[in-house]
Amino acid sequence: MGFERKTESLLFGSSSKQREERKRIFIHFFLLIFCVYLYRFSPNIGVCFTPHSTTKIVCVPFPFSFHHFSPFFFFFGGVPHFVFDFIILLLLHSKKRAPSLVQLSSSCCCCISFSRHSHCKKAPSFFFLVRKRRRKVMAAGGGPAKADEPQPHPPKDQLPNISYCITSPPPWPEAILLGFQHFLVMLGTTVLIPTALVPQMGGGNDEKARVIETLLFVAGINTLLQTLFGTRLPAVIGGSYTFVPTTISIILAGRFSGEPDPTEKFKRIMRSIQGALIVASTLQIVLGFSGLWRNVARFLSPLSAVPLVSLVGFGLYELGFPGVAKCIEIGLPQLILVVFVSQYVPHVLHSGKHIFDRFAVLFTIVIVWIYAHLLTVGGAYNDAPPKTQTSCRTDRAGLIDAAPWIRIPYPFQWGAPSFDAGEAFAMMMASFVALVESSGAFIAVYRYASATPLPPSILSRGIGWQGVGILLSGLFGTVNGSSVSVENAGLLASTRVGSRRVVQISAGFMIFFSILGKFGAVFASIPPPIIAALYCLFFAYVGAGGLSFLQFCNLNSFRTKFILGFSIFMGLSVPQYFNEYTAINGYGPVHTGARWFNDIINVPFQSKPFVAGVVAYFLDNTLFKREAAIRKDRGKHWWDKYKSFKGDTRSEEFYSLPFNLNKYFPSV
1 MGFERKTESL
11 LFGSSSKQRE
21 ERKRIFIHFF
31 LLIFCVYLYR
41 FSPNIGVCFT
51 PHSTTKIVCV
61 PFPFSFHHFS
71 PFFFFFGGVP
81 HFVFDFIILL
91 LLHSKKRAPS
101 LVQLSSSCCC
111 CISFSRHSHC
121 KKAPSFFFLV
131 RKRRRKVMAA
141 GGGPAKADEP
151 QPHPPKDQLP
161 NISYCITSPP
171 PWPEAILLGF
181 QHFLVMLGTT
191 VLIPTALVPQ
201 MGGGNDEKAR
211 VIETLLFVAG
221 INTLLQTLFG
231 TRLPAVIGGS
241 YTFVPTTISI
251 ILAGRFSGEP
261 DPTEKFKRIM
271 RSIQGALIVA
281 STLQIVLGFS
291 GLWRNVARFL
301 SPLSAVPLVS
311 LVGFGLYELG
321 FPGVAKCIEI
331 GLPQLILVVF
341 VSQYVPHVLH
351 SGKHIFDRFA
361 VLFTIVIVWI
371 YAHLLTVGGA
381 YNDAPPKTQT
391 SCRTDRAGLI
401 DAAPWIRIPY
411 PFQWGAPSFD
421 AGEAFAMMMA
431 SFVALVESSG
441 AFIAVYRYAS
451 ATPLPPSILS
461 RGIGWQGVGI
471 LLSGLFGTVN
481 GSSVSVENAG
491 LLASTRVGSR
501 RVVQISAGFM
511 IFFSILGKFG
521 AVFASIPPPI
531 IAALYCLFFA
541 YVGAGGLSFL
551 QFCNLNSFRT
561 KFILGFSIFM
571 GLSVPQYFNE
581 YTAINGYGPV
591 HTGARWFNDI
601 INVPFQSKPF
611 VAGVVAYFLD
621 NTLFKREAAI
631 RKDRGKHWWD
641 KYKSFKGDTR
651 SEEFYSLPFN
661 LNKYFPSV
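No gaps in the numbering here: position 168 of the sequence shown is 168 in full-length UniProt numbering, and each next residue is one more.
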C-alpha cells in the first residue's frame, strides 16, 4: 500500500516538489527513448544506467560523428525508478548486439559497451568514470568491515594504465620516434654478440661489420613475421645469448685449428654454425606448428609462470651493472639520468603529454653519448688499457670504415652450410632452451602490452614462427640464433606503449640501417656501458612483470611458498655452479669424450629461467594439484577461459591473423 500511495502522490500530486519530480521523470523517459532510437542506427553506442539516484556519473563529452554515430554516447544518471532502466535493458539485450552485459551490484551502475575497441585500455572511442556508492565489505569475523579498513588490490587480467595497447597505435610522429627507440635498444645485443664471437672465429672488422648488418637485417624480418603472423604481440626478435655457449663450442672444435688463413677459418666456422642452426630450427618449427607446445602450455599456471618470467629478466643481471662498471664514468651517469628522467621528471612537471617518461631513452642516450664523445676527443682514454678504450671510446673508426655504404645481405653469403650431427644436436638443445625462455618473454610482453593472457595455441604459433626465424639466421649466417628481445620487452613497460605498429616501425629501421651500413655502424658505435645502464632498467621491468602474476596466487599457502621459493632458488643456484665450474676448468661439469653430448647436458643447466621454469612447472603439476582448493591457490582458474582461443572475445581482437587468414588457419 505504501508503494501505491507514493506512486499516486507522485503522478497526481500538486506540490512543487512532486511537479519537479514528474518533470524529471518525463525528461529521462524521452531521453531514453531517443537513445534507443539512435541505437537502431549505430552498433557503437554505449549506455550507462544507474538504478539509484545516489549514483553519480562523471563523463567526458565527445564530438558527434554523422557517419555512423560513433563515438557518440549518452550517459544517464539519477533515474529514480528502475522500471525505465529495466525496459531499456530488455530492449537492448533483445537485439543481441552487445558483447556483454555486466551487472556490477545493486548499488552500482549497469554498463553496456558496444565499442569495437572496448578491450583496449587506450580505446579512442569512449571513456567514462563511474563513482559508485561504497559497498559493504564483510570483515574476517563475518560482520561488515569498517569504511577505512584496508582492502587488497583486485587482480587484473589486463594491466591498467597503459597508454596504447596492441591495437591502438599512437600518432605517426610519436610512433616513429618510439620505433626508433626500440631500434636503439636492440642494437646492444646485436653488436655485443658479433663483437665477442667474430674475433674468435678469425674475422676482422670487415667480417664483424657484415655480421652485424646481417644480424640486424634478419632481426627486422623476424620481427615483422612475428608481429604479422606469429603471436602478433609487439615483440622484437633479435639475437640470443642462449646460443652463445654452443657457438663457442663449435668455434673451438679441433678441425678448425689447423687453418692458417684467418679469413678462410672464419668462413669455415660460419658455415658450420649455419648448418647447426638450420637443423636446430626444425625443433621449434615442429613443436610450434604441430601444436605440441600448445599442449605443454595448457598446463602452465600463474604460479609456475612466475619463476620463468621473473628470471627471464632478473637472470640477466650479469649484463647490467657489471657492464656499467666497465666504464663507470659513462655508465653510471647514464643509469642515474635514465631513472631520473623516466621516473622523477614526469611527476615533477605534472605534464599530461608523457614526453619525458616515453622518450627517456632517446634523451639520455643523446646526452651521455655527447658527454662520452667529449671525453674521447679530449684525450681522456689515450693512455688507457685497450679493454677500457673498447668500452669507453666513441670513435670506432675500424667498424665504421669497414661498413659498406649500401649492401643487402643474402642467403648463403658465406658459402654452402656444412653439417655435423653432434653440433646439430647440441644446437638443437640450445634451441629448446631458447624456446622456453621465449615463452616467458612472450608472457611478459603480453602483460606490458595490456593484452589478455596468451591462449596456448597462439603461443605455439609464435614459437613456430620463431623457429622460422632461426632458420633464416642459419640461411643468412648471423653467427647466432634468435629469440624474443628481453630488453625491448622492458622498454614496453618503461614507455607504457604496447602498440604493435611501433614495433613494426622499429623492424623497418632495422632493415633500413642494415642496408645502409655506414649509418648503422654509427649507431652501433654507442659505448656498451650506455646500453648496459638501460639493461638495468629494462631487465628489472621484465622480472617485475613476472612477479606481478603472484596477484592470482594464494601467497598464504605453504605449497605456493615452497614451489615459488624452491624453483627460484634452484634457478639461481644451479646455473651459478655450472658457470663457475666452466670458468675455472674451461669445460662444464659434464665432461666426456663426446663434445656434443657435453653441450647437450651443460647448456640447459646454464640458463636460469630454464631451470626455474622447468622446476616450477614440474612441481606445480605433480604436487597435489587435483584438490579444488589448490587449483585456486595456483591461480589456474584465472587462466581457464584463455585455454581456448574462443574462450574470451578479446582474444580475437588481439591475436587474430591479418588478411582474414584465420579462416584458413584457425586457432583452437
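The C-beta atom is built at its ideal place from N, Cα and C for all residues, glycine as well. For clarity, every value in this text was computed on a predicted model and none was experimentally measured.
*Report all residues from its chain with a CB closer than 6 Å to the CB of GLY203; omit the five preceding and five following residues, and keep chain order.*
PHE266
*Could you check what DSSP says for ILE526 in three-state terms: helix, strand or coil?*
coil
*Go ahead and pull the three-state DSSP assignment for ILE370.*
helix
*Which of helix, strand or coil DSSP assigns to SER483*: strand
*Candidates PRO322, ILE367 and PHE605: closest to PHE245 by CA position*: According to the sequence provided, residue 245 is Pro. The question's Phe does not apply to it. Cα-wise, what sits closest to PRO245 is PHE605.
*4 or more residues per run - each alpha helix (DSSP H) lying fully within the segment 325–353*: 328–339 and 345–349
*Name the DSSP bridge partner or partners of GLY164?*
The question names Gly, but residue 164 is Tyr in the sequence shown. Beta-bridge pairing links TYR164 to VAL497.
*Measure the C-alpha to C-alpha separation of residue 713 and ASN205 and round it to an integer number of angstroms.*
In the structure as shown, the chain begins at 1 and stops at 668. Residue 713 is therefore absent and cannot be evaluated.
*Is the beta carbon of PHE359 sitting closer than 8 Å to the one on PRO346?*
no
_Here's a check: name, in chain order, each residue in its chain whose Cβ is nearer than 6 Å to the Cβ of PHE654, leaving out the five neighbours to either side._
ILE166 and ALA451
*Backbone CA spacing between VAL279 and THR190 [nearest angstrom]*: 22 Å
*Grab the span of the beta strand (DSSP E) containing GLY239 for me, first residue to last.*
237–239
*asked:* So, with DSSP's three-state summary, where would you put residue 669?
replied: Past the boundaries of the shown model lies residue 669; the chain is included only from 1 to 668, so the question cannot be answered.
*Exposed unless 16 or more other CB atoms sit within 10 angstroms - verdict on residue 699*: Since the displayed the chain opens at 1 and closes at 668, residue 699 lies outside it and no answer follows.
*When you compare only the Cα positions, how much space is there between GLU437 and ASN488?*
15 Å
*Per-residue burial, LEU534 [other beta carbons within 10 Å of its own, 16 or more giving buried]*: Here LEU534 is buried: its Cβ has 16 or more other Cβ atoms, across all protein chains shown, within 10 Å.
*LYS156 in three-state terms, based on DSSP*: coil
*Could you tell me the distance, in whole angstroms, from the CA atom of SER499 to the CA atom of GLU423?*
39 Å
*Going straight from the alpha carbon of MET138 to that of ARG631, what length do you get?*
Below a pLDDT of 50, predicted positions are generally treated as unreliable, and MET138, at 47, falls in that range; the measurement from the model is reported next regardless. Between the C-alpha atoms of MET138 and ARG631 there is a straight-line separation of about 24 Å.
*What separation, rounded to the nearest whole angstrom, lies between the Cα atoms of VAL296 and GLU259?*
45 Å
_Just to confirm the assignment: which complete beta strand (DSSP E) runs, minimum length 3, are found wholly within the segment 582–661?_
none
*Find the nearest neighbour of SER607 within the set SER651, ILE162, LEU374 and VAL433, judged by alpha-carbon distance.*
VAL433
*State the Cα-Cα distance for the pair LEU38 and ARG650, rounded to the nearest angstrom.*
Below a pLDDT of 50, predicted positions are generally treated as unreliable, and LEU38, at 48, falls in that range; the measurement from the model is reported next regardless. Approximately 26 Å, taken between the alpha carbons.
*Closest by CA to LEU550, which one among LEU564, GLY588 and TYR617?*
LEU564
*Expressed to the nearest angstrom, what Euclidean distance is found between the alpha-carbon atoms of VAL542 and ALA507?*
21 Å
*Over what stretch of residues does the alpha helix (DSSP H) that includes THR189 continue unbroken?*
172–201
*Going by the CB atoms, is the gap between ALA612 and ILE568 shorter than 8 Å?*
In this structure, ILE568 places its C-beta atom within 8 Å of the C-beta atom of ALA612.
*Using the beta-carbon count (16 or more within 10 Å), is TRP172 buried or exposed?*
Classification for TRP172: exposed.
*Expressed to the nearest angstrom, what Euclidean distance is found between the alpha-carbon atoms of SER667 and ILE458?*
The straight-line gap from Cα to Cα measures roughly 7 Å.
*ILE470 beta carbon less than 8 Å from that of SER514*: no
*Taking the C-alpha atoms as reference points, what is the distance between LYS641 and SER281?*
31 Å
*If you draw a straight line from the alpha carbon of residue 671 to that of GLY440, how long is it in whole angstroms?*
This structure cannot settle anything about residue 671, because the visible part of the chain is limited to 1 through 668.
*Contained alpha helix (DSSP H) runs [length at least 4] in the segment 242–293, N- to C-terminal order*: 244–251 and 262–289
_Let me confirm a value: LYS643 is counted as buried when at least 16 other C-beta atoms fall within 10 Å, else exposed. Which label applies?_
buried
*Grouping DSSP H, G and I as helix and E and B as strand, with all else coil, what is ARG393?*
coil
*Would the segment 569–578 and the segment 383–395 be scored as touching if the rule is three or more Cβ pairs under 8 Å?*
no
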